[in-house]
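*Asks:*
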Amino acid sequence: MTMTQRVGLGANSYDILTGSGLLRDFGTHIAALCGSGVAVVTDSNLWTRYGRAFAASMESAGLSAGSDWAPVILDPGEHNKSLDGLGRLYSAFAAMKLRRGGLVAAFGGGVVGDLSGMAAATWMRGVRYVQIPTTLLAQVDSSVGGKTAINLDEGKNLAGVFYQPSLVLIDTDLPQTLPEREFRSGMAEVIKYGAIRSKPLFDRLTGRPDTAALAEIVAQCCRIKSEFVERDELDTGERMLLNFGHSFGHAIEKLGGYRRYNHGEAVAMGMALAAETGEKIGLTAVGNAARIKEVLEIHGLDTACPYEPEALLPQMELDKKNENGQIRLVLIQEIGTAFVHTIQLNELGNCLQRRGIPK
Ligand code: GLY
260 MTMTQRVGLG
270 ANSYDILTGS
280 GLLRDFGTHI
290 AALCGSGVAV
300 VTDSNLWTRY
310 GRAFAASMES
320 AGLSAGSDWA
330 PVILDPGEHN
340 KSLDGLGRLY
350 SAFAAMKLRR
360 GGLVAAFGGG
370 VVGDLSGMAA
380 ATWMRGVRYV
390 QIPTTLLAQV
400 DSSVGGKTAI
410 NLDEGKNLAG
420 VFYQPSLVLI
430 DTDLPQTLPE
440 REFRSGMAEV
450 IKYGAIRSKP
460 LFDRLTGRPD
470 TAALAEIVAQ
480 CCRIKSEFVE
490 RDELDTGERM
500 LLNFGHSFGH
510 AIEKLGGYRR
520 YNHGEAVAMG
530 MALAAETGEK
540 IGLTAVGNAA
550 RIKEVLEIHG
560 LDTACPYEPE
570 ALLPQMELDK
580 KNENGQIRLV
590 LIQEIGTAFV
600 HTIQLNELGN
610 CLQRRGIPK
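Here this note's numbering is used: position 287 in the sequence shown is 546, and no number is missing along the way.
Dropping the structure here:
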């Protein structure tokens with residue numbers, strides 16, 4: 260069964276289609292938007308695995324390879340989310356004569372989605388694009404909401420633009436073949452949605468979801484994300500609540516050189532730290548930190564941060580959302596309700612010291 264949800268953003272509105280086995284229908288949905296001039300951006304691992312099925316879906320919708328669409332196949336990896344990667348896409352678009360009426364289909368995880376979105380936003384001053392996320396993390400987070408970006412030597416996601424896709428196609432079977440560690444990383448974001456907005460979702464996450472449950476859970480996360488995006492498309496207010504665990508998480512990812520922990524693993528530790536901090540300063544009801552840690556650990560996510568406050572705090576201060584020695588931290592009152600709390604760096608330091616971060 261395919262679930263359709265509308266992201267209501269006026270002229271920038273679009274549908275998110277979610278379902279198990281949706282890959283078979285990708286071509287039909289793409290053809291309904293654009294009959295020729297489609298660039299399918301992907302990476303070589305994904306294309307080896309799914310290229311034939313993707314091509315068959317395009318063919319059965321009447322889109323011929325070569326004349327109506329062409330794959331643009333990148334090496335896998337974060338290095339492509341860069342000025343060089345952007346240049347590679349522009350060259351490919353030029354080679355296939357992608358016109359303003361054409362379409363970019365981003366078939367991949369967050370790297371492919373962010374990079375393709377940025378390329379689509381700027382190619383000929385903007386062509387439409389479709390997000391077709393293949394990782395759980397991208398399905399529940401980065402494919403919805405129009406954040407596009409590339410990394411610079413100076414920092415991650417420093418150059419980017421808000422540019423909404425025209426459609427999001429989510430086949431929830433695809434993440435189930437991911438390496439376990441990748442799947443866990445996505446589950447951290449799923450748990451986050453429950454923690455900030457939906458206790459029923461949170462309470463449902465007592466084990467690895469089966470195929471049918473995963474499709475419902477992904478759709479539920481996309482609904483929650485869409486509601487934040489509809490109210491705050493340009494991320495100037497409420498959308499920040501989606502960053503529960505991320506202030507700590509980004510610092511943890513950075514301290515680990517972006518290799519020791521992936522995004523979800525770092526955010527899992529960050530959510531545990533944020534919930535403990537909230538309890539320590541009396542803004543989070545006692546017991547919620549233990550419950551969050553319990554659910555994260557059920558999904559194989561470590562909750563003990565290995566870094567000392569002396570290492571974490573300077574990284575947090577550098578975060579673009581913080582200034583003047585103050586940290587804007589997302590906390591929860593209890594599971595399902597989140598808010599932003601501004602805390603002085605030294606007060607946060609005292610909290611973390613008292614907590615005693617294990618080595
Ligand atoms: N990933 C958080 C947001 O899209 O705002």
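For every residue, glycine included, the Cβ atom is placed at its ideal position computed from N, Cα and C.
These numbers come from a predicted model, not from an experiment.
Going straight from the alpha carbon of Tyr452 to that of Val389, what length do you get?
*Replies:* 23 Å
*Asks:* Quick check for students: name the residue ranges of the alpha helix (DSSP H) that lie wholly in the region 329-391, counting only runs of 4 or more.
*Replies:* 342-354 and 369-381
*Asks:* Tell me the start and end of each unbroken alpha helix (DSSP H) in the region 516-555 that is at least 4 residues and wholly inside, in chain order.
*Replies:* For the region 516-555, whole alpha helix (DSSP H) runs of length 4 or above, ordered along the chain, are 522-539.
*Asks:* Would you report the Cα separation of Ser272 and Glu492, rounded to the nearest angstrom?
*Replies:* 11 Å
*Asks:* Output needed for Thr287: all residues of its chain with C-beta closer than 6 Å, excluding positions within five of it in sequence on either side, in chain order.
*Replies:* For Thr287, where only same-chain residues beyond five positions count, the Cβ hits under 6 Å are Ala320.
*Asks:* Quick check on DSSP: helix, strand or coil for Arg265?
*Replies:* strand
*Asks:* With distance defined between alpha-carbon atoms, name the residue in Leu464, Arg283, Cys480 and Pro468 nearest to Arg456.
*Replies:* Per the C-alpha coordinates, the member of Leu464, Arg283, Cys480 and Pro468 positioned closest to Arg456 is Cys480.
*Asks:* Just to confirm my understanding: we take Thr601, look at its own chain, exclude 5 residues before and 5 after, and list those with CB closer than 8 Å. What are they?
*Replies:* Gln585, Ile586, Arg587 and Leu588
*Asks:* If I follow the unbroken alpha helix (DSSP H) through Glu497, where does it start and stop?
*Replies:* It is not in any alpha helix (DSSP H) - Glu497 carries neither H nor E in the DSSP assignment.
*Asks:* Closer than 6 Å is what we want: which residues have a beta carbon that near any heavy atom of the ligand GLY? List them in chain order.
*Replies:* Asp400, Gly404, Lys406, Asp494, Arg498 and Leu501
*Asks:* Along the alpha helix (DSSP H) that carries Gln479, what are the first and last residues, could you check?
*Replies:* Thr470 to Arg490
*Asks:* For Asn605, count neighbouring Cβ atoms within 10 angstroms of its own Cβ and tell me buried if that reaches 16, exposed if not.
*Replies:* exposed
*Asks:* Consult DSSP for Lys618 and reduce its assignment to one of helix, strand or coil.
*Replies:* Because Lys618 carries a pLDDT of 40, less than 50, the predicted location of this residue cannot be relied on, and the following value inherits that uncertainty. In the structure shown, Lys618 sits in coil (DSSP, three-state: anything other than H, G, I, E or B).
*Asks:* What does DSSP give as the partner residue(s) for Asp274 in the beta ladder?
*Replies:* Paired residue(s): Arg265 and Leu426.
*Asks:* Quick test of your reading: Val300 and Ala365, contact by CB under 8 Å. State the CB separation rounded to the nearest angstrom.
*Replies:* Beta-carbon to beta-carbon, Val300 and Ala365 are separated by about 5 Å, close enough to satisfy the 8 Å threshold.
*Asks:* Rounding to the nearest angstrom, what Cα-Cα distance links Val363 and Cys293 in this structure?
*Replies:* 10 Å
*Asks:* Less than 7 Å between the C-beta atoms of Leu305 and Gly367, yes or no?
*Replies:* yes
*Asks:* Exposed or buried, which one is Pro438 when buried takes at least 16 other CB atoms within 10 Å?
*Replies:* exposed
*Asks:* Determine the DSSP secondary structure at Thr431, reduced to helix, strand or coil.
*Replies:* Three-state DSSP puts Thr431 in coil, outside helix and strand.
*Asks:* Relative to the C-alpha of Ala314, which residue among Arg283, Pro468, Thr381 and Glu337 is closest?
*Replies:* Checking every option, the nearest Cα to that of Ala314 belongs to Arg283.
*Asks:* Given a cut-off of 7 Å, decide if Gly529 and Gly508 are closer than it, judged by their beta-carbon atoms.
*Replies:* yes
*Asks:* Between the C-alpha atoms of Gly404 and Arg518, what's the straight-line distance to the nearest angstrom?
*Replies:* 26 Å
*Asks:* What is the C-beta distance between Gly537 and Ile450, in whole angstroms, given that I count them as a contact (C-beta under 8 Å)?
*Replies:* Ile450 and Gly537 do not touch by the CB rule: their CB atoms are close to 16 Å apart, not below 8 Å.
*Asks:* Are at least three pairs of beta-carbons, each pair with one atom in the region 465-483 and one in the region 562-570, less than 8 Å apart?
*Replies:* no
*Asks:* Can you name the start and end residues of the alpha helix (DSSP H) that Asp400 belongs to?
*Replies:* Run containing Asp400: none; DSSP gives neither H nor E here.
*Asks:* Count the other C-beta atoms from every protein chain shown that fall within 10 angstroms of the C-beta of Glu535, then say buried if there are 16 or more, exposed otherwise.
*Replies:* buried
*Asks:* What first and last residue would you give for the beta strand (DSSP E) that runs through Asp302?
*Replies:* Val297 to Asp302
*Asks:* Under DSSP, the beta strand (DSSP E) around His558 begins and ends at which residues?
*Replies:* Here His558 belongs to no beta strand (DSSP E), and DSSP marks it neither H nor E.
*Asks:* DSSP three-state label for Ala454, please.
*Replies:* helix
*Asks:* Run through DSSP, which three-state label would Arg467 get?
*Replies:* coil
*Asks:* Within 8 Å, do at least three Cβ pairs link the region 418-434 to the region 378-389?
*Replies:* The region 378-389 is in contact with the region 418-434.
*Asks:* Under a three-way DSSP split, which group does Ser279 fall into?
*Replies:* If DSSP states are grouped into helix, strand and coil, Ser279 belongs with coil.
*Asks:* Taking Met262 as the reference, give the member of Ala548, Ala418, Asp274 and Pro573 with the closest Cα.
*Replies:* Asp274
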